[in-house]
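Participant:
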Amino acid sequence: MIKSNLKLSDEWDVIVIGTGMGGATVGHALALKGFSVLFLEKGGEITHNDGRIEETNPEKRLAQGWWPQPMSQSRKNGKFDQIYAAVGCGFGGSSIHYGAALERFDHSDFDSLKTSDGSLTQWPIHFKTFLPFYEKAEALYGITNKKENDNPQLSKWDLSFLQIMQKNGLKPERLNIAINYDKDCEECIGKICPRQCKADAKTTCLDEALKQPNCSILDYCEVQTLDADQNTINHIVATHQGKTIKLRAKQVILAAGAMHTPQLLLQSKNYFWPNGLANSSDQVGRNLMFHISDMYAVWSPKKLSRQGLQKKSLSIRDFYNVNGRRLGYIQSLGLDAGNGHIAMFMKDTLRKYGIHNNFALSAITKIPAFVVASILGKASLFAVSIEDDPSLENRITLNPDQPNGTSFSYTFPTDIQERADALYKTFAKHIKPWRMLRIMPKLEINNGHACGTCKFGEDPKTSVLNSDCKSHDLENLYVVDSSFMPRSGAANPSLTIAANALRVAEKITESLNKR
Numbered sequence: 008m009i010k011s012n013l014k015l016s017d018e019w020d021v022i023v024i025g026t027g028m029g030g031a032t033v034g035h036a037l038a039l040k041g042f043s044v045l046f047l048e049k050g051g052e053i054t055h056n057d058g059r060i061e062e063t064n065p066e067k068r069l070a071q072g073w074w075p076q077p078m079s080q081s082r083k084n085g086k087f088d089q090i091y092a093a094v095g096c097g098f099g100g101s102s103i104h105y106g107a108a109l110e111r112f113d114h115s116d117f118d119s120l121k122t123s124d125g126s127l128t129q130w131p132i133h134f135k136t137f138l139p140f141y142e143k144a145e146a147l148y149g150i151t152n153k154k155e156n157d158n159p160q161l162s163k164w165d166l167s168f169l170q171i172m173q174k175n176g177l178k179p180e181r182l183n184i185a186i187n188y189d190k191d192c193e194e195c196i197g198k199i200c201p202r203q204c205k206a207d208a209k210t211t212c213l214d215e216a217l218k219q220p221n222c223s224i225l226d227y228c229e230v231q232t233l234d235a236d237q238n239t240i241n242h243i244v245a246t247h248q249g250k251t252i253k254l255r256a257k258q259v260i261l262a263a264g265a266m267h268t269p270q271l272l273l274q275s276k277n278y279f280w281p282n283g284l285a286n287s288s289d290q291v292g293r294n295l296m297f298h299i300s301d302m303y304a305v306w307s308p309k310k311l312s313r314q315g316l317q318k319k320s321l322s323i324r325d326f327y328n329v330n331g332r333r334l335g336y337i338q339s340l341g342l343d344a345g346n347g348h349i350a351m352f353m354k355d356t357l358r359k360y361g362i363h364n365n366f367a368l369s370a371i372t373k374i375p376a377f378v379v380a381s382i383l384g385k386a387s388l389f390a391v392s393i394e395d396d397p398s399l400e401n402r403i404t405l406n407p408d409q410p411n412g413t414s415f416s417y418t419f420p421t422d423i424q425e426r427a428d429a430l431y432k433t434f435a436k437h438i439k440p441w442r443m444l445r446i447m448p449k450l451e452i453n454n455g456h457a458c459g460t461c462k463f464g465e466d467p468k469t470s471v472l473n474s475d476c477k478s479h480d481l482e483n484l485y486v487v488d489s490s491f492m493p494r495s496g497a498a499n500p501s502l503t504i505a506a507n508a509l510r511v512a513e514k515i516t517e518s519l520n521k522r
C-alpha cells in the first residue's frame with residue numbers, strides 16, 4: 008500500500024522497520040508530531056485469520072500474518088531443530104495475533120540482578136522514570152484497572168477462585184486486557200479481531216498514523232542491509248515489488264523483533280563494521296532471552312459457571328519475586344481443558360520436535376487428549392511465565408544454510424527447573440481446597456517472547472544501545488522492539504515495548520527538532 012504522492016527518492020524524517028508494538032507505537036507518536044514517517048513492513052495487511060497456525064508453506068504462512076520461515080535452533084551435535092515461532096509478519100506484527108494481556112513489569116525487574124552464572128545486569132533507567140510511559144501506553148491501548156469483585160464480566164468460577172486465593176493470603180488481580188468487552192465480544196485471543204474491539208498495534212497506532220498526510224507504508228518490503236559509514240546510516244537497501252530500492256531518513260528505527268533486528272545488523276557488515284553494524288561491543292545478537300513456560304490446570308471442588316465475558320481474566324503476581332527469588336508469574340489463559348484444547352497443546356509441542364503432518368498429529372494426540380480431558384474434567388488452564396537470564400552464549404548468529412538465514416543457540420538457566428518446581432508447589436498450597444495439575448511434560452521456551460539481543464546500557468563495551476535506545480556507535484539508529492531489554496522479566500513484554508517506544512519517541516522528537 009503506497010500513497011500516490013510517495014517518492015522513494017525523498018529523505019524522510021523517520022523510517023521505521025517493522026510495524027509491531029514497538030514500531031507502530033513509535034511511528035504513531037512521531038507522525039502525530041508532524042514528522043514525515045515511512046513504515047517498512049515485510050508482510051501485508053491481514054484482515055482475517057482463525058487463530059490456527061497449521062501451514063509450513065512460507066507463502067501461506069505470510070498470508071496468515073505469520074513469519075514465513077522457521078527459526079533454526081542449533082544443537083550440540085551440530086544439527087538443527089526447525090521451530091515455527093509465534094512471530095507475526097504483517098501490519099501490526101505479532102500483536103494482531105496476541106492475547107492482548109498488557110501487564111507492567113515489576114519494579115524489581117529494573118534492579119540489579121545477579122544471575123546463576125554470576126553475571127550482573129540491570130536497566131540503565133529507574134522504574135520511576137519509566138512509570139509515566141507505562142501510564143501513557145495503558146491510556147493509548149485502552150487499559151483500565153477495575154476492582155475484581157465489582158466486575159460483572161467475570162464468571163462465578165473466576166470470582167470464587169479470586170476469593171479462595173484472597174482467603175489463603177494471595178493478592179490476585181484482574182488481568183489487564185486490551186479488549187473493549189461488550190455483549191457481542193468473542194474475546195479474540197490468538198487471532199485477528201474482526202470487530203476491532205481488541206486494541207493491537209495495527210488498529211490503535213498504525214492505522215491512525217497512516218491517516219496523517221506525511222506518513223506512508225511500503226508493504227511486502229524486505230530490508231536487506233543498512234548502508235552506513237563510521238557514524239551514520241546513509242541508505243536502507245530493500246527489495247520491493249521485485250526491485251532493489253534505496254531509502255533515506257534522518258533517523259532510522261529498527262523494530263523488526265528480537266530475532267530479526269540483530270540479523271539485519273549482522274548482515275549489514277561492511278568495511279567500517281566488519282563484525283556487523285553498530286557492533287563494536289560484539290553484543291549484537293547476544294543475551295537472547297525468552298520466557299520459560301509452564302502450564303497448570305485448575306478445577307473447583309464444586310460445579311461453578313464458567314460463563315463470563317472476560318475469560319482470560321486473572322493475574323497472580325505474588326510469586327514474581329519472593330525474598331529475591333524469581334519464581335514466576337501466573338495468568339489465566341481463558342481456556343477450559345477440553346479434548347480440543349488439550350489436543351491443540353499436544354500438537355504444538357510435537358511441532359516443535361519436527362512433526363508437521365496434520366493427519367499424523369491428529370492420530371497421535373486423539374486418545375491421550377481424551378484421557379487427559381477425562382481426568383481433568385472442567386479444569387481451567389493457567390499459563391506460567393518464569394524470568395529468563397541473560398547469557399552471552401545465548402545468541403543469534405548468521406547462518407546462510409538455514410531457511411531464515413540465521414540460527415540461534417540457547418541453554419536454559421541452570422536453576423530454572425528448581426524455580427519452576429518451587430512455584431508449582433507454592434501456588435498449589437495457596438489454592439486449597441481447589442486442585443491443580445501440571446500438564447506440560449517439560450518446561451518450554453516461549454519463542455514468541457524473545458528479547459535482549461541489542462540490550463541498552465550505560466557502558467558501550469557491554470551494550471548495543473544507550474539509555475535512550477540509540478546506538479552507541481551510530482548517530483541516527485534507534486531500536487524499539489524487545490531487543491533493547493537487559494532482563495526478560497516474567498510478564499508479557501507487549502506493554503513494556505509500547506511504553507518504551509513512547510519514551511524513545513520523545514527522545515527522537517528532541518533530536519529532530521534540533522536539526
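One rule links them: number in the numbering used here = place in the sequence shown (from 1) + 7. Yeah, the Cβ is synthetic: ideal placement off N, Cα and C, and Gly gets one too.
#1: Work out the CA separation of Ala-304 and Gly-176 for me, nearest whole Å.
#2: In the structure shown, what three-state DSSP assignment does Ile-196 receive?
#3: For Thr-268 and Ala-262, I'd like the C-alpha separation in whole angstroms.
#4: Is the beta carbon of Gly-51 less than 8 Å from the beta carbon of Tyr-227?
#5: Relative to the C-alpha of Glu-517, which residue among Glu-18, Ile-24, Lys-40 is closest?
#6: First and last residue of the alpha helix (DSSP H) that includes Lys-432?
#7: Are the stretch 406-420 and the stretch 302-321 touching by the rule of at least three beta carbon pairs closer than 8 Å?
#8: Nearest to Gly-106 by CA position, among Lys-521, Ala-498, Gly-464, Leu-509, is which residue?
#9: Exposed or buried, what is Ser-16 when buried is set at 16 or more other beta-carbons lying within 10 Å of its beta-carbon?
#10: I need the DSSP call for Glu-155, collapsed to helix, strand or coil.
#11: Under the three-state reduction of DSSP, which class applies to Ile-103: helix, strand or coil?
#12: Suppose only complete runs of 3+ residues qualify. What are the beta strand (DSSP E) ranges in the stretch 221-300, listed by chain order?
#13: Closest to Gly-455 by CA distance: which of Glu-62, Ala-31, Ile-103 is it?
#14: So who's on the other strand from Asp-88, going by DSSP bridges?
#15: Quick one: Cα of Gly-99 to Cα of Arg-324, how far?
#16: Is Trp-74 helix, strand or coil by DSSP?
#17: Only counting the same chain, and skipping five residues up and downstream in sequence, which positions put a Cβ closer than 6 Å to that of Ile-446?
#18: Which residues bound the alpha helix (DSSP H) around Gly-455?
#19: Below 8 Å CB to CB, which residues in the same chain sit around Leu-6 once its five sequence neighbours on both sides are set aside?
#20: Keeping to the same chain, check which residues put their C-beta closer than 7 Å to that of Phe-326; ignore five residues upstream and five downstream.
#21: Please classify Lys-154 as buried or exposed, where buried requires at least 16 neighbouring CB atoms within 10 angstroms.
#22: When the Cα atoms are used, what is the spatial distance from Phe-42 to Glu-215?
#23: Leaving aside the five residues before and after Asn-241 along the sequence, list all residues of the same chain whose C-beta is less than 8 Å from its C-beta, in chain order.
#24: Which residue's Cα is closest to the Cα of Glu-62: Thr-54, Ser-416, Pro-77?
#25: Verify whether the separation of the beta carbon atoms of Cys-476 and Val-511 is less than 8 Å.
#26: Quick one: what's got a C-beta closer than 6 Å to Asn-294's C-beta in the same chain, skipping five residues either side?
#27: Does DSSP put Asp-113 in a helix, a strand or coil?
#28: Rounded to whole angstroms, what's the CA-CA distance from Gly-331 to Ser-474? Just pull it up for me.
#29: Indicate whether at least one CB of chain D lies closer than 8 Å to the CB of Gln-338.
#30: Given Pro-320, which residues of its chain have a CB within under 6 Å of its CB, disregarding the five upstream and five downstream residues?
#31: Tell me which same chain residues have a C-beta within less than 7 Å of the C-beta of Glu-229, skipping the five on either side of it?
#32: In chain order, what residues of the same chain lie with their CB nearer than 7 Å to the CB of Leu-519, ignoring the 5 residues before and after it?
#33: Nearest-angstrom Cα distance between Lys-190 and Phe-415?
#34: Please work out which residues of its chain come closer than 8 Å, Cβ to Cβ, to Thr-418, disregarding the five sequence neighbours upstream and downstream, and give them in chain order.
#35: Please say whether Met-296 and Ser-593 have beta carbons closer to each other than 8 Å?
#36: For Ala-206, which of Lys-174, Lys-253, Ala-146, Leu-169 has the nearest alpha-carbon?
Facilitator: Here's the rundown:
#1: 21 Å
#2: Judged by DSSP in its simplified three-state form, Ile-196 adopts coil rather than helix or strand.
#3: 7 Å
#4: yes
#5: Lys-40
#6: 423-436
#7: no
#8: Ala-498
#9: exposed
#10: Low confidence applies here, because Glu-155 scores a pLDDT of 44, under 50, leaving its location unreliable; read the following figure in that light. Reduced to three states, the DSSP call for Glu-155 is helix.
#11: helix
#12: 222-225, 228-235, 240-247, 250-261
#13: Minimum Cα distance to Gly-455 is reached at Ile-103.
#14: Bridge partners of Asp-88: Gln-80.
#15: Cα to Cα, the separation comes out at about 28 Å.
#16: coil
#17: Only Met-302, Ala-304 meet the Cβ criterion.
#18: Gly-455 -> not in any alpha helix (DSSP H); beta strand (DSSP E) instead, spanning 451-458.
#19: What is shown of the chain runs 8 to 522, which leaves residue 6 out entirely.
#20: Leu-334, Gly-335, Leu-430, Thr-433, Phe-434
#21: Only weak support is given to the placement of Lys-154: the predicted model assigns it a pLDDT of 42, under 50, and the question is left unresolved by the model.
#22: 14 Å
#23: Only Asp-234, Ala-235, Arg-255 meet the Cβ criterion.
#24: Pro-77
#25: yes
#26: Around Asn-294: Pro-397, Gly-459, Lys-462.
#27: coil
#28: 25 Å
#29: The structure shown contains no chain D; it holds only a single protein chain.
#30: The question names Pro, but residue 320 is Ser in the sequence shown. Around Ser-320: Leu-161, Asp-165, Leu-182, Ser-339.
#31: Lys-49, Ala-245, Thr-246
#32: The residues are Asp-20, Phe-42, Lys-257, Gln-258.
#33: 45 Å
#34: Result list for Thr-418: Ser-398, Glu-400, Asn-401, in chain order.
#35: Nothing about residue 593 can be read from this structure; the chain reaches only from 8 to 522.
#36: Ala-146
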